[in-house]
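Visitor: Questions regarding the structure given below will be posed in turn.
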Amino acid sequence: MKLINEFNVSSQYDLSRITKSLESIGITYVSYVCIGPDGKRFHYHTNEEWSGIFLGNDLLKDCVLNKFCEKSVRPALLSWENAHVGTRAEREVMWARHDMQIYNGITITDFFSGYQDIIALGTNHEKHNVFEIYMRSRQIIRESLLDCRAAALKD
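Below, the structure is given as structure tokens:
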């Protein structure tokens, strides 16, 4: 199991404020992970129940979105509906998100100064297409990612 850490209270407050602002464009779920040069992972999720299930049951190892990010060596974006799900365990992780009313998301990974950002954006509406939201609101999402990064670096 990878060592998972939570951001300090001040950073969590900032991340909450930043991610709440994304609701105005239809994003209702955000997961932000910052991985340091030493491999230490810090995470923030807007859905605490899902975070508890995901991290508490070590679903990270069977998450195709995480595997995609781990293999990435440059900035990348993956639409959840286009993620290659090869095993039953991977499929169960993807469907578990649906059980928590987290649908139609994208995962973005970016790199800077030896750090890696991973941000997952989803909606609680099955009919919303987060990729289309992303295309319409790229600048807002990019600024939010940079704000998340700034909050993370306070730790």
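Under my numbering, the first residue of the sequence shown carries the number 470, and numbering increases by one thereafter. Just so it is clear, CB atoms sit at the ideal spot from N, CA and C, and this is done for glycine as well.
(1) Which runs of the beta strand (DSSP E) fall wholly inside the region 517 to 587 and span at least 3 residues, in chain order?
(2) Taking the alpha helix (DSSP H) that F600 belongs to, which residues open and close that run?
(3) Taking 6 Å as the limit between beta carbons, can you name the residues of its chain near S500, skipping five residues before and five after?
(4) Please classify E518 as buried or exposed, where buried requires at least 16 other C-beta atoms within 10 Å of its C-beta.
(5) Rounded to whole angstroms, what is the Cα-Cα separation between I609 and T576?
(6) Can you grab the Cα-Cα spacing for the pair S493 / V599, in whole Å?
(7) Determine, using beta carbons only, whether I522 and D616 come nearer to each other than 7 Å.
(8) Whose C-beta lies closer than 6 Å to the C-beta of F587 among residues of the same chain, with five residues either side of it excluded?
(9) What's the gap between the Cα of S479 and the Cα of A621?
(10) Buried or exposed: where does V533 fall if 16 or more other Cβ atoms within 10 Å of its Cβ makes it buried?
(11) Give the secondary structure of T592 by DSSP, where H, G and I count as helix, E and B as strand, and everything else as coil.
(12) Helix, strand or coil: which one does DSSP assign to I494?
(13) Can you have a look at H567 and say buried or exposed, based on whether 16 or more other CB atoms are within 10 angstroms of its CB?
(14) Among R618, K540, N474, whose alpha-carbon lies nearest the alpha-carbon of L524?
(15) Got a sec, what are the start and stop residues for the beta strand (DSSP E) F511 sits in?
Guide: So, from the data block:
(1) 545 to 548, 572 to 581
(2) Position 131 of the sequence shown, counting from 1, holds the residue named residue 600. It spans 599 to 605 - the alpha helix (DSSP H) in which F600 sits, taken as one unbroken run.
(3) Position 31 of the sequence shown, counted from the first residue, corresponds to residue 500. H514, A589, listed in sequence order.
(4) If you number the sequence shown from 1, residue 518 lands on position 49. Under this definition E518 is an exposed residue.
(5) Reading the sequence shown from its first residue, position 140 is the one you call residue 609. Reading the sequence shown from its first residue, position 107 is the one you call residue 576. Going by the C-alpha atoms only, they are around 15 Å apart.
(6) If you number the sequence shown from 1, residue 493 lands on position 24. If you number the sequence shown from 1, residue 599 lands on position 130. Using only the alpha carbons, I get a separation of about 13 Å.
(7) Along the sequence shown, read from residue 1 onward, the residue named residue 522 stands at position 53. Along the sequence shown, read from residue 1 onward, the residue named residue 616 stands at position 147. No. Outside cutoff.
(8) Residue mapping note: residue 587 aligns to position 118 of the sequence shown, counting from 1. The question names Phe, but residue 587 in the sequence shown is Ile. So the qualifying residues of the chain are V502, C538, T578.
(9) Reading the sequence shown from its first residue, position 10 is the one you call residue 479. Reading the sequence shown from its first residue, position 152 is the one you call residue 621. Each residue's alpha carbon lies about 10 Å from the other.
(10) Position 64 of the sequence shown holds residue 533. Buried: at least 16 other Cβ atoms inside 10 Å.
(11) In the sequence shown, counting from the first residue as 1, residue 592 sits at position 123. Here T592 sits in strand by DSSP.
(12) Indexing the sequence shown from 1 puts residue 494 at position 25. I494: helix per DSSP, three-state reduction.
(13) To locate residue 567, count along the sequence shown from 1; it is residue 98. The residue in question, H567, is exposed, as its Cβ has fewer than 16 Cβ neighbours within 10 Å.
(14) Position 55 of the sequence shown holds residue 524. Comparing Cα-Cα distances from L524 to each of R618, K540, N474, the minimum goes to N474.
(15) Residue numbering aside, residue 511 sits at position 42 when the sequence shown is read from its first letter. 510 to 514 is the span of the beta strand (DSSP E), which, as asked, contains F511.
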